[in-house]
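These notes concern the structure reproduced below.
In the working numbering, the protein residues as written are 44 to 212.
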């Protein structure tokens, strides 16, 4: 076990606290980036789908017969296109963690968590105190494993459905 002066121990503990703050900042940035990406994709897809529907409906039914649908579709199209453009401009003006992509933030988060665990191990605390550092990361690890499990289950179900549909022919 490493022994150090109380000042060195205090500095190491302060470093661990800084690690926790840094990790929480990365997590917030990752949540924001994920929400931005989802909103950007959904608004872009909605705008394109509405535009396509608007054009098809006007061509199929006639320009004047679908005035009510135009009154509804045009504002929704403008809103979704505007949302898409606003999210793009916010992403372009982002700074710090907020300008990084979600994949980069995930890698940075993993590295920061590992660094925190390494610093906790170097602190030379008794075993129960060191185990606390690991207990702190277990819920996030379990959430990640559950999320991965749901993702692979969905992929398997889609593949199984495709196989069943094509085997009926």
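Ideal placement from N, C-alpha and C gives every residue a C-beta, glycine not left out. Remember, predicted model here, so these are calculated numbers, not experimental data.
No Cβ-Cβ contact shorter than 8 Å links residue 151 with residue 88. Shown here, residue 198 sits in a helix according to DSSP, grouped into three states. Going by beta carbons, residue 90 and residue 124 fall inside the 8 Å limit. Distances from the alpha-carbon of residue 78 to those of 186, 183, 134 and 114 put 134 closest.
For residue 136, no alpha helix (DSSP H) encloses it, and the DSSP letter there is neither H nor E. The alpha carbon of residue 114 has as its nearest neighbour, out of 162, 97, 92 and 65, the alpha carbon of 97. According to the DSSP assignment, residue 149 belongs to the alpha helix (DSSP H) that extends over 145–165.
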